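S.K.:
Residue numbers (the working numbering), protein chains in the order written: chain A, 17 to 134; chain B, 126 to 276.
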């Protein structure tokens, strides 16, 4: 279980990857990673959930909080790679209508990516 | 006759995975599919988190007693604690979110995130009841019906 980050080449966008269960054991690490990036003025974020197998309300809360801060900084927070179970959880609380969600993380990483809400 | 198992763990976040695995094993024994087991794990995670955060108010303040019973037509999960009474019925559901109907600037203000865990429990379980008394503490009962027509 881990959280990692990388700056996408030729872009101001940072990608944050999550592997494992987004529960109480991993949510603090994701929150810390997102907060560090936001506090350093990085408001264009992509969270790759391809290897995330689970998310609870704490994980959603963490992502919503970062989405709000990115938006307040005139940026975006895009999600990609959600499996069917994660998609169901997002839909159950209407967050599929809030976040920009892309199936394909390769597309989300692309240089032509635009903020879905801009 | 219902087959019942009980687990007692300290009310700590790092124990929640054990609670989920305990219930998942029972749910698999009861014959639920993987998707339903995933839902039951999520409900137990959220209920346990609420106990730590709202009933006990912090980690390590008391135990969580979790049990499940497999009956012919239903799977019953009971979570007990001795913290402050916390009735889920008093927590309203989150409002419906529609990107089309409201400006995005208002959306962030409308998103109430405190009740998300309860929203999952209400949506994913067939019955949810809560009781509290001084002698037996708090008791959350969550029931999932077994679909006997599954092959």
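Just so it is clear, CB atoms sit at the ideal spot from N, CA and C, and this is done for glycine as well.
These figures come from a predicted structure and were not determined experimentally.
Taking 8 Å as the threshold, find out whether the stretch 25-43 of chain A comes into contact with the stretch 141-152 of chain B through three or more Cβ pairs.
M.R.: Yes, the stretch 25-43 of chain A is in contact with the stretch 141-152 of chain B.
S.K.: Identify, in the order they occur along the chain, each residue of the same chain with its Cβ nearer than 6 Å to the Cβ of residue 190 (chain B), setting aside the five sequence neighbours on each side.
M.R.: Same-chain partners within the cutoff: 133 and 205.
S.K.: What is the DSSP secondary structure of residue 159 (chain B), reduced to helix, strand or coil?
M.R.: Correct three-state label for residue 159 (chain B): helix.
S.K.: Note down, one range per segment and in chain order, each alpha helix (DSSP H) of at least 4 residues found wholly within the stretch 59-101 of chain A.
M.R.: Within the stretch 59-101 of chain A, the complete alpha helix (DSSP H) runs of at least 4 residues are 73-88.
S.K.: Which residues in chain A sit within 7 Å of residue 170 (chain B), going by Cβ to Cβ distance?
M.R.: The answer, in chain order, is 39 and 72.
S.K.: What three-state label does DSSP hand residue 132 (chain A) in the structure shown?
M.R.: Low per-residue confidence applies at residue 132 (chain A): pLDDT is 44, beneath 50, and the placement is therefore not dependable, though the value from the model is reported in the following sentence. Reduced to three states, the DSSP call for residue 132 (chain A) is coil.
S.K.: Return yes when the Cβ of residue 80 (chain A) is within less than 8 Å of the Cβ of residue 125 (chain A), no when it is not.
M.R.: Not closer than 8 Å, so no.
S.K.: For residue 108 (chain A) and residue 245 (chain B), I'd like the C-alpha separation in whole angstroms.
M.R.: One C-alpha to the other measures close to 8 Å.
S.K.: Is there a Cβ from chain A that is less than 8 Å from the Cβ of residue 204 (chain B)?
M.R.: Answer no: the Cβ-Cβ gap between residue 204 (chain B) and chain A never drops below 8 Å.
S.K.: Here's the rule I'm using: 16 or more other beta-carbon atoms within 10 Å means buried, otherwise exposed. How should residue 270 (chain B) be labelled?
M.R.: Classification of residue 270 (chain B): exposed, given that the 10 Å Cβ count is below 16.
S.K.: How should residue 87 (chain A) be labelled, buried or exposed, when 16 other C-beta atoms within 10 angstroms of its C-beta is the threshold for buried?
M.R.: Classification for residue 87 (chain A): buried.
S.K.: Please identify the residue among A:21, A:113 and A:110 whose C-alpha is closest to the C-alpha of residue 65 (chain A).
M.R.: When each option's Cα is compared against that of residue 65 (chain A), the closest is A:21.
S.K.: Could you pull out every residue in the same chain whose Cβ sits closer than 6 Å to the Cβ of residue 169 (chain B), ignoring the five residues on either side in sequence?
M.R.: 144, 145 and 148.
S.K.: At a CB distance below 7 Å, what residues from the stretch 241-254 of chain B approach chain A? Give them in sequence order.
M.R.: So the close ones are 241, 242, 244, 245 and 248.
S.K.: When the distance is taken between beta carbons, is residue 30 (chain A) closer than 8 Å to residue 58 (chain A)?
M.R.: For residue 58 (chain A) and residue 30 (chain A), yes; Cβs fall inside 8 Å.
S.K.: Which residues, in chain order, does the stretch 102-115 of chain A contribute to contact with chain B at a C-beta distance below 8 Å?
M.R.: So the close ones are 105, 108, 109, 110, 111, 113 and 114.
S.K.: With DSSP as the reference, label residue 125 (chain A) as helix, strand or coil.
M.R.: Looking at residue 125 (chain A) - three-state DSSP - the assignment turns out to be helix.
S.K.: Just verifying my parser: in three-state terms, what is the DSSP assignment at residue 260 (chain B)?
M.R.: Note: residue 260 (chain B) maps to coil in three-state DSSP.
S.K.: Tell me the residue span of the beta strand (DSSP E) that contains residue 23 (chain A).
M.R.: Unbroken beta strand (DSSP E) run through residue 23 (chain A): 18-23.
S.K.: Using 8 Å as the threshold, is the C-beta distance between residue 83 (chain A) and residue 76 (chain A) below it?
M.R.: Not in contact: residue 83 (chain A) and residue 76 (chain A) (Cβ atoms no closer than 8 Å).
S.K.: Counting pairs of Cβ atoms below 8 Å between the stretch 243-261 of chain B and the stretch 150-159 of chain B, do you hit three or more?
M.R.: Output reads no: the stretch 150-159 of chain B does not touch the stretch 243-261 of chain B.
S.K.: Closest Cβ-Cβ distance between residue 76 (chain A) and chain B: below 8 Å?
M.R.: Yes, contact with chain B.
S.K.: For a cutoff of 8 Å on Cβ pairs, would you count residue 139 (chain B) as touching chain A?
M.R.: Judged by the 8 Å Cβ criterion, residue 139 (chain B) is in contact with chain A.
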